[in-house]
Amino acid sequence: MKIEKIIQTLELEVKCGKDYLDKEVTGGYTGDLLSDVMGNSREGYIWITRQVHQNIVAVASLKEHAGIILINSCQPTQETMEKAEAEKIPIMVSSLPAFELSGKIYNLLTAKS
Amino acid sequence: MGETNQNLYSGSFNIEGGNFNSAGIVSTNIKSILKKLGIPGDIVRKAAIVSYEAEINVVSYAKKAVVTLTVNPGVVHIEVIDEGQGIPNIDLAMQEGWSTADQRIREMGFGAGMGLCNIKNYSDEFHISSEVGRGTHLKMTIQTP
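As they're listed, the protein sequences go chains A and B. Okay, so the first sequence: first residue is 12 according to this note's numbering, each after it adds one. Okay, so the second sequence: first residue is 1198 according to this note's numbering, each after it adds one.
Written out as C-alpha cells, the structure is:
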C-alpha cells in the first residue's frame, strides 16, 4: 500500500516530503525509543512515534523507512522538517494516540483487497 | 581467514561529543560509501545500525571520537575510538536495558540501554574495551558475501 492511500484513509496531515508519498509501505513499527526502532523495524515500514526532534530523520533514513507518522497531533520541529525534506522522508501528523493509529494502520495493511 | 589484502575502501571520520544535532552524519556517510561500493542492502543496513548506535554513544558520553571504516573483499570493519569517561563495568553496560543516560538524553528517546546490544547483534564480530577516564574502543566486523 502506498503512503498516500494511508494519508487519505486516516486523514493525516502531511508536514513534509510531499514529493515522496508514492513510496510503498511494507509494514509498520510503533516506538519512541530510537534504539528499539533501530533494532526492530525494517525497510519500507511506516514508523509511528511521538518523538519530534531531528534525530528521528536519521533513524528513518538509515533504516529506509517509507515515512514517519507523529501521534497525538505532535508537531515536528523546523530542523526535523528541513532534514526530512533533504533526506526524502515524508512526515505526517495524526490526532490519534499511538494505540489507535497503529491498530488502524495494521488493519489497512493486512486487509484482504 | 579468506580476507585478502585488496582494500576497497579505507577512511576515517570525526564525531564531536555532546552534539545531538549532528548525530547520524557519520553513519549516513558510511551508509552511502558502502552503497556506492555495491555492498548488498542488508549488509549496508547492518553497518548503518552498528555505526549509528556507536555514534549516539559517542555523542551521549564521550568528548570526541574517530571512526575508521575499512572495506576489504568479504568484510566490512568499523572501529570507533573515543576519548571520554570510559565504561567501568562492560558486562553491566552490555546488559539490555541498563543505562547511565541522564533525563535529557532519555527524553529524546535515547538511553534505552539497547545500543551496545544492537551493535553486538548486528555485527558478526564485536570487541569492546574501555578504560575509565580515558575512553572506549569498539571494533565491529560485518561479513559480506
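C-beta: ideal position from N, C-alpha, C; glycine also. Computed from a predicted model, the values in this text were never measured in an experiment.
What are the boundary residues of the alpha helix (DSSP H) that includes residue i?
{"i": "serine 113 (chain A)", "result": "109–121"}
{"i": "serine 1326 (chain B)", "result": "Not the alpha helix (DSSP H): serine 1326 (chain B) falls in the beta strand (DSSP E), residues 1322–1328."}
{"i": "valine 1223 (chain B)", "result": "1222–1233"}
{"i": "glutamine 167 (chain A)", "result": "The question about residue 167 (chain A) has no answer here: the residues shown for chain A are numbered 12 through 124."}
Give me the Cα-Cα distance between residue i and residue j, rounded to the nearest whole angstrom.
{"i": "valine 1273 (chain B)", "j": "leucine 21 (chain A)", "result": "42 Å"}
{"i": "glutamate 111 (chain A)", "j": "isoleucine 100 (chain A)", "result": "23 Å"}
{"i": "valine 18 (chain A)", "j": "threonine 1225 (chain B)", "result": "Looking at the sequence provided, one finds isoleucine at residue 18 (chain A) rather than valine. Roughly 28 Å separates the two Cα atoms."}
{"i": "glutamate 15 (chain A)", "j": "isoleucine 1284 (chain B)", "result": "46 Å"}
{"i": "serine 1257 (chain B)", "j": "histidine 1334 (chain B)", "result": "15 Å"}
{"i": "alanine 1245 (chain B)", "j": "lysine 1233 (chain B)", "result": "14 Å"}
{"i": "asparagine 66 (chain A)", "j": "glutamate 1250 (chain B)", "result": "12 Å"}
{"i": "serine 1320 (chain B)", "j": "isoleucine 1275 (chain B)", "result": "10 Å"}
{"i": "aspartate 33 (chain A)", "j": "serine 106 (chain A)", "result": "22 Å"}
{"i": "glycine 1238 (chain B)", "j": "valine 36 (chain A)", "result": "18 Å"}
Put residue i into one of helix, strand or coil per three-state DSSP.
{"i": "leucine 1266 (chain B)", "result": "strand"}
{"i": "aspartate 1217 (chain B)", "result": "Rather than aspartate, the amino acid found at residue 1217 (chain B) in this sequence is phenylalanine. Three-state result, phenylalanine 1217 (chain B): helix."}
{"i": "methionine 1291 (chain B)", "result": "coil"}
{"i": "leucine 32 (chain A)", "result": "coil"}
{"i": "serine 52 (chain A)", "result": "coil"}
{"i": "arginine 1238 (chain B)", "result": "Residue 1238 (chain B) is actually glycine in this sequence, not arginine. Helix."}
{"i": "serine 1296 (chain B)", "result": "coil"}
{"i": "isoleucine 57 (chain A)", "result": "strand"}
{"i": "isoleucine 1212 (chain B)", "result": "strand"}
What are the boundary residues of the beta strand (DSSP E) that includes residue i?
{"i": "cysteine 27 (chain A)", "result": "24–27"}
{"i": "aspartate 1279 (chain B)", "result": "1272–1281"}
{"i": "methionine 103 (chain A)", "result": "102–104"}
{"i": "glycine 78 (chain A)", "result": "78–81"}
{"i": "leucine 1335 (chain B)", "result": "1332–1340"}
{"i": "glycine 39 (chain A)", "result": "38–41"}
Can you tell me whether residue i sits near the ligand NAP, meaning its C-beta is under 7 Å from at least one heavy atom of the ligand?
{"i": "phenylalanine 110 (chain A)", "result": "As far as ligands go, the structure on display features none, and thus does not contain the ligand NAP."}
Is the region 21–30 of chain A touching the region 59–77 of chain A, taking contact as three or more C-beta pairs under 8 Å? no
Per the contact definition of three or more C-beta pairs closer than 8 Å, is the region 1322–1336 of chain B in contact with the region 1280–1293 of chain B? yes
Selection of the region 63–76 of chain A by Cβ proximity to chain B, strictly under 9 Å: His64, Gln65, Asn66, Ile67, Val68, Ala69, Val70, Ser72, Leu73, Lys74 and Glu75
Counting Cβ pairs closer than 8 Å, one from the region 1309–1316 of chain B and one from the region 28–47 of chain A, do we hit at least three? yes
In the region 35–48 of chain A, which residues sit with their C-beta less than 7 Å from some C-beta in chain B, listed in chain order? Asp43, Leu44, Leu45, Ser46 and Asp47
Where the region 1240–1251 of chain B meets chain A: residues whose CB sits under 8 Å from a CB there: Arg1242, Ala1245, Ile1246, Tyr1249 and Glu1250
Between the region 79–99 of chain A and the region 51–71 of chain A, can you find at least three pairs of beta-carbon atoms closer than 8 Å? yes
Residues of the region 81–96 of chain A with Cβ closer than 8 Å to any Cβ of chain B, in chain order: Glu90
Which residues of the region 1281–1313 of chain B have a Cβ closer than 7 Å to any Cβ of chain A? Give them in chain order. Met1305, Gly1306, Phe1307, Ala1309, Met1311 and Gly1312
The region 1255–1269 of chain B contacting the region 1200–1218 of chain B, beta-carbon criterion three pairs below 8 Å: yes
Identify each residue in the region 1214–1230 of chain B for which the Cβ-Cβ distance to at least one residue of chain A is less than 9 Å, and report them in chain order. Phe1217, Asn1218, Ala1220, Gly1221, Ile1222, Ser1224, Thr1225 and Lys1228
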